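Read through the structure below, which is laid out as structure tokens, and then see the notes.
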Amino acid sequence: NGRPHEKVDDEVAQRLNQIFEQPSPNDQQIQHNYDTNTTWFGVEKRNSESVFHSSRRLLDILHESQVGVFKERFPHLVSFIGHTGAGKSTVIKMLMDRAQAQAKLPKDHINLKPVPGLVDDNLPTTGDVHLYADPATYYDQSPILFADSEGMTGGENTPRGIEFCSTDDSESAKKARNLVKDRIIKRLSWGNEPKKNSREFAVKSLFPRILYTFSDVIVFVLREARIFEDVLHLLVEWAAVSISKSVNQPSRPHVIIVLNAAEMTTDDRQWEPEFATDKLLEDYKDSVNNVPYLQNICSSLKLSRSIKTTKDLLNYYYLSVTVLKIPRKGHYMQIDAQLIKLYDNISSKCAESHDIKKRTRMLLNAERLPRYVNAAYDHFTQDLDEPFDFVTEARRDLSPPQDFGGHVLNFILFMYDQWETTGIPMSGLFYRLAEPIASCVMLAATRDKTQGTFSSLLQDTYKAPLSDAVSEFCDKWLRCSFKKDGNSCVNTKLSHEKGHQTRKGVIFARGGYQSSFNYLESFDQWIADIQKVIESLEAKVNSAEKDECSFIPRMHRSVMETFYYKVPSASRFRSHLTCVCCIGKIPENILPCGHIICKACVKCFGDCKGQGLVNLYRCPLHPTTSNWHSPIQIEYKPEEAGVRVLCLDGYIVTLFLALVILREIEMELGDHLPIQSFFDLIVGTSAGGILALGLGVKNWPVSECTSQFKGLCKQAFTKRAPRLFNTFTAITGKGLYRSKAIESALRSAFGNNSLLYGRALHTRSTSIRVAVTTTLAREDRAAVLSNYNTECRSEKLPYVFIRPQDPTQELKVWEAARATSAAPPYFKPFIQGETMRAYTDGAIHHHCPVFIADQERRLLWEDVKDWPPDIVLSIGSGFRTAEDSSSPPETMEISTSDGFFNRRPRPRRAVAGLGYLWRTANKIIEKQLDCEEIWRSYSSQNKSAGDKMRYGDENRNIRLNVHFANELPALDDVKAMDGMEHLAKLMVQETRREIQKVAEKLIASCFYFETVGPAFRNTETGRFQCKGRIHCRFHDVRDIQGLGKILLRYCSQRFVPSFLIKENYGSRLQKYYKESFSITTIENMASRGIFTPLREISIEAIDLSSQTNICLCLHSDNSHVYGVSQELFTTPLEISGFPRNL
């Protein structure tokens, strides 16, 4: 073509030749077999009916590319669409191979790439939609993902890839078909019509809706520019079926039109995207007026007057338009140069899209994107015509409120959902909310004991968080109020990029966001309304002449009852993140009526039976209609009691060591009470997490846990393939063992529908809090799953607390067990269907979860967060020392400032796949060594100089573990179970003394001192005095009976257990005296389940900073209390919450 012969780089020529080289049919068949594993979603025929299928491909890429360097990652989706046979797969492969070559990555770095089509083949090469990872950004914070969609002009022809895999009966083909991991099949509700029950309809109508909605860039590949008007038809048609099928979409996609296999000309300007774009759009600028289909499109649009040229039409559907040419085969260097430009354009457009979504606060990170995509699957398989609403989905993903304003926002959002359909102005909603919010402000100020009048507190303290709540509501959630020709806009202020859209998705006008609710003016008026209500309620308080601490809660209950009665829809308010009663706290208790209220409201509106037990007779929101037959008994840790923590390491086979230790403690306690009765918080990881759920949630005794765990192991470790194929199975990411087997076993053990959090109370609650650790697979970040809620969670915590806003998305108990124990490569990650979150084993980050346990107990019981726990019992699962192992333990960095250990970031790994999986497994095994170091770090924090008197017995932190001189059994060595249990029973004898000490500490922790009235100064002696009684923490008759039987074992004719009070503890003026049980008290406990508190005692202190210690004496050796015995300092049994300053 009159051009000089180009000088070719040999590497470029070889790389491109391998792509252009036509494979034999057999080679192509093998490639298609392996390419099956990249299938993302698609359609297939089952019994003559089309069904939708999706895989874990997106999840797997994001999980396997996570190296822990970034806290959050934001993937970009680039979708390749176009003519059948236009070369989409070839272009993707060229981009991937070039990126891999430039980064000098090994060839097997990412070995799953598209299969280029055969020359002159009229059938689609790729069936369905396949997903590939860009090698250049694979580990980056913003990885680029290439979606290869089935050709648009293939008709009903079966694509080559599907045809090869469905007809090939070879073993390799069968294996390839099985590689599509966790295929989820969904029925197409709209697929009954013959026209819609076709492959072509899915390719042209279903696929575009999903890809257009989530893509940052659309790459439209075609071969011949001379038929561009036909191409334009397809390009517009593809977008036309999609643009109206999403509302509140943060950004439309960019489009890059790739003219593939273009002819070489003498005009070099054609290779510049800017020139090619301007020329093509100029050449075809009048197509909108000449092509019948485009004419019809323009006339049907509400904005037809603003569309004059082809560029205008394309800009209606896409954020920007770029045209780029790639020459035909043979011009290697020009092809390579154009690939660089294509990749640069893709990268820059992705960056632009990222900035837009960041400004609108609608960025989807690696955790959220799969959840939104899965929601779109559910949506579009049910209804093709109803648009997917990003705001609706975002509501399901709200974070826990951090302050009063966050809770108010939750309440406003719920009421807005009910109010929106009425057509009444928004000012009416806020006027209606003024009274309950005013009452909530007064209640919050009363509970927090904030000084000042309620009117001044509204302005000085509560106005700012209320302003934040209303501001966020207006920006992110309040829909546009623009109306025209009977159409109403549903887009919000931050998601108004497309213009004005109806609820059906139709864009009926261009223009910016409009709202009749002016934030500045309306907010001031709302505050004025709240002020008036507060003044009215204040007058009631003043005229009542009663204690406001008791009167205001009763008044608030009346206000909320009236509100919920007048607004019936409000009674349906259900939230796991906001108390429906006070609108100011995290809820904890699910009532029989379904309402969820916080601890403060339970105590306020219930009948307190001492510290730690409340009887609730009716729901405070509708007391007249919720008079239950018997009261709900809700147990809490008594306010003046300390915290008892049980930590369980995770290692499946050696978990029998923990079970044996726990059983030995139970037997040491006379087998009268289950071990979990002595703990307030149980935290476990991996197999220890399963045990924690069994003990704390299901309330199994240790013997039942042992039986269940044996059955679980035998059922779960069902081999997927012979050991010879372990490597192959691990590469596929399926796990060495079948997920269905372990999930079936967990369902059988824990129940199929039992919720981890959110079960309605019908008789009695439990005060045991349970948490298990897991890992968010796509973020490689530690997470906590629990049966409780807590306040004041900081985003700076090194782990995520999982609690969905929507109760329907709550994890079931068996799902939590599966999530904490998904140890790679033995089991694949667990995907929760409702949220599409992917979880892997908790031991990846926290094999010994003691630091998480310590942080959680501080959050759970803020009032005693600075007290040392009564006991932290950490049970290991066996260990070997560094001398036992040929490899050194992993380097640790201990942060003593916040109590958490921080590992050095894992190095950026060069090769993904099998090596990563095995390194992850080895990391879990290596942490057997780390556990002991972690524990030493934790237990040493309270041993600084002078802390012994402050914290009391330094042995309150106890670690029970057994040293193995030989190799630990493999994690999946089920055959070693019986031998391990027998060995554990023998080896645990080495810890007999520690077990006895633990048992007696647990007994002592069952008692606490409850003060009576405030401390005062004795005017005669000048000393300070505090009065109170020693109480038992148990309320249930059977628990008290069990504790009584335990105490009877320590009684004799000459000795009865007693309490030793140590005044001015640790000073030179220490004073000791004894308060004894009567044998009658203990016998009543054992026989009748009744504990009678000892007489009121008065404790003196020389000054306000003096410490007091109260110990339980269980042995006669400690009964001589008038002298100072050394044993009193070495083995004290402090009761709960001591020593402390009274």
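Numbering follows full-length UniProt numbering, with no gaps: position 1080 of the sequence shown is 1080.
C-beta: ideal position from N, C-alpha, C; glycine also.
Since this is a predicted model, take the numbers as computed values, not measurements.
DSSP, read as helix, strand or coil, puts Pro273 in helix. The alpha carbon of Gly751 has as its nearest neighbour, out of Gly1042, Gln29, Lys698, the alpha carbon of Lys698. Partner residues in the beta bridge of Gly684, as assigned by DSSP, are Leu648, Val772. Around Gly511, the same chain offers Phe482, Gly499, His500 as residues with beta carbons nearer than 8 Å, after the five sequence neighbours per side are excluded. Secondary structure note for Val78: its beta strand (DSSP E) is the uninterrupted segment 76-82. Assigned with DSSP and collapsed to three states, Pro253 falls in coil, not helix or strand. Under the three-state reduction of DSSP, His963 is assigned to strand.
Given a length threshold of 4 residues, each whole run of the alpha helix (DSSP H) inside the segment 397-469 is given here in chain order: 404-419, 426-448, 454-457. Counting along the chain, Trp40 sits inside the beta strand (DSSP E) bounded by residues 39-46. Straight through space, the alpha carbons of Pro631 and Cys1026 are spaced by roughly 34 Å. In this structure, DSSP gives Glu1083 a helical state, which the three-state scheme calls helix. If you draw a 10 Å sphere on the C-beta of Val1037, you find fewer than 16 other C-beta atoms in it, and that means exposed. Taking C-beta separations shorter than 7 Å and ignoring five residues to either side along the sequence, the partners of Glu1000 in its chain run Leu1114, Leu1133, following chain order. Nearest C-alpha to Ser149 among Gly833, Gln531, Phe41: Phe41. Membership of Ser1076 in the beta strand (DSSP E) is indicated by the continuous run 1071-1076. In terms of Cβ geometry, Gln676 and Gly696 form a close pair [threshold 7 Å]. Take the alpha-carbon of Arg1068 and the one of Trp935: they are about 34 Å apart. Counting along the chain, no beta strand (DSSP E) covers Asp1103, and no H or E run does either.
Lys93 is the residue among Ser198, Lys93, Arg98, Asn192 whose C-alpha sits nearest the C-alpha of Phe146. Taking a cut-off of 8 Å for Cβ pairs, the segment 309-316 and the segment 336-353 do not touch, as fewer than three such pairs fall below it. Leaving aside the five residues that flank Arg858 on each side, the residues in its chain whose CB is nearer than 8 Å to its CB run, in chain order, Lys865.
Under the DSSP assignment, Leu520 falls in the alpha helix (DSSP H) whose first and last residues are 519-544. In the DSSP assignment, Val559 falls within the alpha helix (DSSP H) that extends over 548-566.
Burial check for Ala823: the Cβ neighbour count within 10 Å reaches 16 or more, so the residue is buried.
DSSP places Cys598 outside both helix and strand once states are collapsed to three, so it counts as coil. In the assembly as shown, Met362 is a buried residue. Its beta-carbon has 16 or more other beta-carbons within 10 Å. Check the Cα spacing between Leu1112 and each of Val1056, Ile1079, Ile1097: the tightest is with Val1056. Between the alpha carbons of Ile326 and Leu234 lies a distance of about 20 Å. In this structure, the straight-line span from the alpha carbon of Asp344 to that of Glu72 is close to 24 Å.
With contacts defined as CB atoms closer than 7 Å, Asp680 and Arg644 qualify as a contacting pair. When only Cα atoms are considered, Lys985 and Ser877 end up about 13 Å apart. A residue is called buried when at least 16 other Cβ atoms come within 10 angstroms of its Cβ; Lys7 does not meet this threshold and is exposed. Taking the C-beta atoms as reference points, Phe1077 is found no nearer than 7 Å to Met1085. Per DSSP, reduced to three states, the secondary structure at Ile507 is strand. Burial is judged here by how many other beta carbons sit within 10 angstroms of a residue's own beta carbon; Val408 has at least 16 and is buried. Separation of the CB atoms of Thr820 and Pro829 is rounded to 12 Å, and the pair is thereby denied contact status at 8 Å.
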